Amino acid sequence: MLFSLLLILMKKRFEPKENYLETKKKIGYVPRKESTQATYDRIGFKSGLEVHQQLKTDEKLFCHCPSGIYNESDDYDAELIRHMRPTLSELGEYDGTALMEFKTRKEIVYRIKNETTCTYEIDDTPPFPIDRKALGIAIEISLLSKLNIVGEVHITRKQYLDGSIPTGFQRTAIIGVEGEIPLKRKNIRLIQLSIEEDSCREISDIGHVRTFKTDRLGIPLIETVTYPDCINPDEVKEACNYIRFLNRSTGKVKTGMGSGRQDVNVSCRGGTRVEIKGVAHTRLIPELTHNECFRQWALLSIREELKKRVKDISKWSICHKKLNYYNFNFRYTPVTEAWKKQYKIIAVNLPEFKDILSHFTQPGKIFADEISNRLMVIACLDKPNMTHSEEFKSVISLKDMEKIRKILKAKDNDAQVIFWGPEDDIKTALETIEERCRMAFEGVPNETRKSFKDGTTIFKRVLPGADRMYPDTDSVPIPLEDEYIEQLGQNLPKEVIDMYHQLKKWNVPEDTYTFIFKKNHFPLIDRIIKELKIDPRFVGTFFGHHLKFVEGHHIPAAEFKYSIIHAMFKFLKEKDLDLELAKKILPVIYEYPKIDFESVLTVIKYKKNSKEEIFSHIPFLKNKFRENRKSAIKKDENDWIMGELRPIAIGNLPLKELYVAVNKMK
Amino acid sequence: MSDDFFQGYKGDALEVLKKFNTRVWGQAVIDTTRGKFNGTILPRAENDDDKHIVLKIPTGYNVGIDIKTITEMKETGYKKASYKIPEKAFPYTPGLPGVKLFGTGGTIASRLDYRTGAVIPAFSPGELYGAVPELADICNLETEKVFAVFSENMGPEQYKKLAKAIGKEIKEGIDGIVIGHGTDTLHHTGAVLTFMVQNTPVPIVLVGSQRSSDRPSSDAALNLMHAMYTAGHSDIAEVMVCMFGPTSDEFGLLHKGTRVRKMHSSYRSTFRTIGDMPLARVTRKEIIPIKKRYNQRRKDRNVKILPFFSDEVTMLYYYPGMKPDALDLLVEAGYRGVVIVGTGLGHVNKELYPAIERAHAKGVHMYMTLQTIWGYVHMFVYDTGRDMMAKGIIPAGNMLPEVAFIKLGWVLGQTDDPEEVKKLMLTPINDEITPREPYNGYLVYQGGIPEVEDFIRRVHK
Ligand SMILES: [Zn+2]
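Chains A and B, in that order, give the protein sequences.
Position 82, counted from 1, in the first sequence is what our numbering calls 114; the numbers after and before it change by one each time, with no gaps.
Position 46, counted from 1, in the second sequence is what our numbering calls 97; the numbers after and before it change by one each time, with no gaps.
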């Protein structure tokens with residue numbers, strides 16, 4: 033006994049944390065802030081986008097339920113249950129995801145609210161004809177995206193077995209293919225644009241039960257898909273913004289929370305296309321794509337290492353043993369809890385996987401996490417579902433670990449996973465572990481991943497292929513005549529890239545552009561400038577800075593419309609008032625848009641003062657400042673006097689002119 | 052090139068394909084006035100126009116190309132898709148019951164048919180096992196395609212053929228029978244088999260699906276499992292319809308073939324027992340009886356096959372203001388039996404009386420059923436009812452209109468003697484007329500009522 037303990041101590045202690053740091057260094061991980069194009073060229077960064085945008089229509093795409101009314105998760109009228117079963121694609125193949133999802137044996141629960149869901153959404157009634165308004169908007173956006181418009185729209189069923197759509201497929205149709213969007217420095221090619229029905233919102237996913245609500249289901253959505261033309265994370269963000277701004281420039285898309293989402297595809301040189309699903313905000317894109325590219329780079333490094341160790345992969349396999357709880361001294365709460373629930377505790381030996389489990393994959397993540405997440409999704413084992421021989425902080429005692437190794441007849445270069453779960457799920461769990469480890473010999477698995485705010489991702493499901501498409505036997509093709517498309521092409525908004533160049537020409541500061549495009553304010557700005565002949569830079573800044581500030585700090589009245597800003601400037605122009613006054617008026621009309629402008633002037637305590645009257649206060653204020661002199665600096669004096677005079681000066685003369693006068697006076 | 056190269060294309064579209072030397076399943080690059088497209092040319096549904104060519108683009112989606120816009124088209128490759136449901140030999144497991152599945156053309160398992168753009172069934176045990184492997188844990192399966200017609204095309208010839216096939220199979224010792232059937236007339240077939248296959252020693256289960264099995268949420272697989280389980284393991288030796296209980300994937304209901312009716316055009320839980328309770332609930336693991344009394348499974352093979360059916364029977368759905376010629380014309384056309392579907396307790400207007408008298412005089416058998424679906428015909432309450440009975444109309448109790456039609460067809464296939472017909476019609480074979488209606492035999496809940504809403508929220512519909 034003592035002898036064996038000594039043997040353990042004599043062996044060089046393996047430090048997983050060190051291994052993590054070492055492997056991180058070995059693959060050349062660089063934080064994004066320190067990365068340059070050279071960094072991305074080194075690992076072969078490649079990325080493309082699938083940008084989703086809800087369309088502004090009154091009704092859903094294939095039924096007459098209202099579009100855009102949401103309800104709380106516990107506010108529902110009925111529940112129903114479905115199971116999804118893979119079916120053959122049109123070309124006679126089963127899809128990979130399909131089979132994996134089937135393995136998970138999930139019971140899908142739908143929570144239905146009568147107000148927003150009819151028998152169509154839950155697949156108890158065939159579809160009604162497609163919403164023509166939505167179709168028109170999709171064609172307009174396709175034209176703006178320079179896509180080749182199809183001659184006939186074919187509704188296709190795209191299989192989703194995760195339950196996000198009760199039918200098990202999404203009805204979707206291509207509107208155009210092969211387009212292009214111009215970025216500042218290059219063009220990004222578009223593969224296609226489709227119109228589709230939005231999916232359910234997930235409420236929870238625990239064990240074998242996944243719960244959805246159906247309020248969002250069926251809202252018209254378009255998806256713009258780009259080629260993987262982006263070669264660094266910032267380009268991906270720029271492309272994403274461009275597509276979103278283009279969509280918004282029509283004024284015919286929804287703009288609330290969750291009305292625009294994107295999936296980002298990333299690969300590194302030698303890697304695989306991995307799809308990061310449902311990125312809520314474009315600002316998260318750079319960090320996510322950066323980390324995903326390096327994760328793939330790390331997986332390739334793992335592959336090289338494993339190839340060195342295992343010559344014949346076909347002979348590689350895991351072995352496992354059920355652990356008898358009472359033979360060990362388990363103190364780790366999840367394990368003791370699992371035992372109480374009569375879960376099985378299984379130890380698995382992974383030959384030649386030493387220091388692979390703790391290999392760096394993403395900041396703060398190691399290879400073992402890849403296994404754990406797959407156990408959660410595929411085998412339905414809620415986390416924490418496992419521990420292993422390379423935890424940074426071991427949760428199993430050295431002695432127990434040694435015992436486990438012995439039971440498994442593990443060799444020095446092996447690694448061990450200990451997982452727990454209900455008996456029925458053990459078989460799938462073991463298959464999942466073996467499968468993921470085998471994939472490590474191949475490199476990067478084809479998968480979709482779920483994103484987190486910290487820039488990391490976890491496994492979501494196997495990436496579906498083109499095999500999950502099937503013609504919708506409930507719909508007939510819709511021909512698109514030349515005349516119809518020409519007619520839609522006549523009322524298109526100005527292109528985003530042209531607006532961008534125009535704002536530049538007007539010398540509007542660049543930090544306002546995102547806000548202006550996001551809110552589609554360009555047409556209004558353009559109108560104010562052209563009709564009222566106001567300095568473009570002033571108007572652009574007024575929107576991009578002042579309006580943005582007001583929106584962030586005030587709650588608008590329901591009646592507030594942006595066009596009132598035009599009326600405000602018109603009023604100021606006609607009354608020959610200084611335009612600076614607009615900054616004080618805006619917060620008032622934002623909250624009380626029904627008050628007439630004259631009354632607003634009273635509210636903001638505006639008094640008409642002549643220039644001379646205002647200037648006449650300067651000598652008095654100078655004396656006052658010098659009396660209580662706190663500073664001898666001229667600028668401080670000027671600033672203080674400006675502060676005193678600003679309230680009565682605004683609207684009566686430009687502040688610049690006042691400053692010149694203050695400064696001039698001795 | 053043979054016609055097979057242009058599956059479904061006709062007229063102008065066909066000319067364009069020929070002109071550019073391209074065919075179905077050819078990979079093509081197409082230049083159009085709307086830009087370039089490339090993909091695989093797919094067959095076109097026969098009912099679609101001749102102005103477009105269907106293309107499967109590389110992302111897997113289908114699009115149509117307007118032939119007017121095509122300037123150039125080039126075939127760059129050719130790859131015919133071989134659409135096949137994976138076929139795996141259905142394993143034989145000693146100890147499991149033997150079940151025979153008869154195919155009639157329903158959509159229990161199906162695949163796409165390009166010609167019609169609709170789905171066509173797949174059927175062999177191997178195909179079924181490929182699609183629903185769980186079946187192998189339930190029974191040892193044999194299949195036989197008796198014929199392939201859509202549910203709405205089922206008729207007397209099919210009924211007789213099916214009854215004979217069932218009789219033969221029972222004699223040969225099968226443990227249970229499942230009939231895959233389109234859902235539209237599933238209940239008609241349920242009724243006719245009850246009359247044609249009497250005293251069955253084994254379960255005879257009719258099953259279909261409300262959502263074709265080409266969609267992941269289809270009810271086909273679960274219905275099939277329920278039906279196979281019932282056929283192989285249940286103790287109920289009757290003709291039954293097995294379909295979803297709630298719209299959720301939870302359990303199936305076993306309905307008597309004579310009391311069941313399709314009540315919704317598209318819901319999964321469309322089949323309901325009318326005026327009574329269903330026989331039982333069925334899951335993938337057990338049968339939970341609802342009715343205490345039923346015909347039990349037997350070891351003997353003493354089944355009676357009575358494959359008779361006259362097609363000289365019709366139905367007359369009464370509406371206010373119906374003119375006598377509506378009935379006269381039927382009689383003139385040679386119909387010997389008329390099932391009238393009357394209003395309320397079983398009424399038609401006085402204007403029809405002369406026609407009823409004429410029909411009766413010609414020996415036409417007339418039976419009264421109800422538009423209300425639920426309840427009994429009751430012709431003694433008002434004078435009009437008494438008048439009608441006097442004129443030869445016989446009330447059919449609470450027999451469902453469709454069942455009365457089927458039964459009259461079956462009866463007239465055997466006899467024309469009015470007394471004999473009446474006796475057969477009014478003597479129930481398996482509850483087509485019941486002596487009493489339990490209080491829970493009629494339940495149509497009304498949405499919006501708080502108690503009902505509360506119930507729906509708690510119990511899966
Ligand atoms: Zn709806």
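All C-beta atoms, glycine included, are put in the ideal place defined by N, C-alpha and C.
None of these values were measured; they are calculated from a predicted model.
For this session: Using the DSSP secondary-structure output, state which residues sit across from M124 (chain B) in a beta bridge.
Result: B:I81
Exercise. For the region 92-115 of chain A, which residues have a beta carbon sitting closer than 8 Å to at least one beta carbon of chain B?
Worked result: Y108, D109, A110, E111, L112, I113, R114 and H115
Exercise. Can you tell which of A:G584, A:R114, A:P555 and A:E583 has its C-alpha closest to the C-alpha of V571 (chain A)?
Worked result: A:P555
For this session: Whole angstroms is fine: what's the gap from K639 (chain A)'s alpha carbon to N684 (chain A)'s?
Result: 9 Å
Exercise. Residues in the region 266-297 of chain B with C-beta within 8 Å of chain A's C-beta atoms, listed in sequence order?
Worked result: R266, P267, S268, S269, A272, L273 and P297
Exercise. Under the three-state reduction of DSSP, which class applies to Y142 (chain A): helix, strand or coil?
Worked result: strand
For this session: Identify whether A312 (chain A) lies in helix, strand or coil by the three-state DSSP scheme.
Result: coil
Exercise. At what residues does the beta strand (DSSP E) containing F88 (chain B) begin and finish?
Worked result: G86 to I92
Exercise. Between which two residues does the alpha helix (DSSP H) carrying F451 (chain A) extend?
Worked result: Element bounds for F451 (chain A): not the alpha helix (DSSP H) but the beta strand (DSSP E), A447 to G453.
For this session: Would you mind sorting N264 (chain A) into buried or exposed? The rule is 16 or more other CB atoms within 10 Å of its CB.
Result: buried
Exercise. Out of curiosity, what's the CA-to-CA distance linking D188 (chain B) and H284 (chain B)?
Worked result: 12 Å
Problem set entry | Beta-carbon contacts of R437 (chain A) that lie in its chain and below 7 Å, excluding the five residues immediately before and after | Q448
Exercise. Along chain B, in chain order, which residues have C-beta atoms closer than 8 Å to that of E194 (chain A)?
Worked result: In the sequence as presented, Glu is not what sits at residue 194 (chain A); that position holds Asp. Result: empty, since nearest Cβ-Cβ is about 10 Å, beyond 8 Å.
Exercise. Using 7 Å as the limit for Cβ to Cβ distance, is K336 (chain B) near chain A?
Worked result: no
Problem set entry | Alpha carbon of H411 (chain B) to alpha carbon of P405 (chain B), nearest angstrom | 10 Å
Exercise. Roughly how far, in whole angstroms, is the beta-carbon of H277 (chain B) from the beta-carbon of G303 (chain B), given that I think they are within contact range, below 8 Å?
Worked result: 4 Å
For this session: List the residues of chain B whose Cβ lies closer than 8 Å to the Cβ of Q224 (chain A), in chain order.
Result: I108, T110 and Y112
Exercise. Taking 6 Å as the cut-off, is the CB of Y152 (chain A) close to at least one heavy atom of ligand 1?
Worked result: yes
Exercise. Where do the N-terminal and C-terminal ends of the beta strand (DSSP E) with K353 (chain A) fall, by residue?
Worked result: C351 to K354
For this session: Could you name the residues of the same chain whose beta carbon sits closer than 6 Å to that of M440 (chain B), not counting the 5 residues immediately before and after it, in chain order?
Result: M430
Problem set entry | Spatial distance of N381 (chain A) from E434 (chain A) (CA atoms) | 12 Å
Exercise. Whose C-beta lies closer than 8 Å to the C-beta of E612 (chain A) among residues of the same chain, with five residues either side of it excluded?
Worked result: I682, G683, P686 and L687
Problem set entry | Cβ pair count under 8 Å reaching 3, the region 406-416 of chain A against the region 61-74 of chain A | no
For this session: Kindly give me the distance between the Cβ atoms of I118 (chain B) and H103 (chain B), rounded to whole angstroms, as I take these residues to be in contact under 8 Å.
Result: 7 Å
Problem set entry | Nearest residue (CA-CA) to N695 (chain A), options A:I680, A:M674 and A:P679 | A:M674
Exercise. Where E47 (chain A) and R363 (chain A) are concerned, what is the direct C-alpha to C-alpha distance, given to the nearest angstrom?
Worked result: 21 Å
Exercise. With distances taken from CA atoms, which of B:T435, B:T73, B:K512 and B:S317 is nearest T127 (chain B)?
Worked result: B:T73
Exercise. So which residues of chain A does E488 (chain B) contact, with C-beta pairs closer than 7 Å?
Worked result: Here the premise fails: no neighbours, minimum Cβ distance about 28 Å.
Exercise. From I439 (chain A) to K353 (chain A), what does the alpha carbon distance come to, in whole angstroms?
Worked result: 7 Å
Exercise. How long is the line joining the alpha carbons of P501 (chain B) and T243 (chain A), rounded to whole angstroms?
Worked result: 25 Å
Exercise. Within the chosen definition, does the region 334-352 of chain A reach the region 456-476 of chain A through at least 3 CB pairs nearer than 8 Å?
Worked result: yes
Exercise. Checking contacts by CB at 7 Å: is M501 (chain A) closer than that to chain B?
Worked result: yes
For this session: Return yes when the C-beta of C232 (chain A) is under 6 Å from any heavy atom of ligand 1, and no when it is not.
Result: no
For this session: For the region 517-544 of chain A, enumerate the residues whose C-beta is nearer than 7 Å to any C-beta of chain B, in chain order.
Result: none
Problem set entry | Euclidean distance between Cα positions of K216 (chain A) and V528 (chain A) | 11 Å
Exercise. Given a limit of 9 Å on CB to CB distance, which residues of the region 213-243 of chain A reach chain B?
Worked result: I223, Q224 and S226
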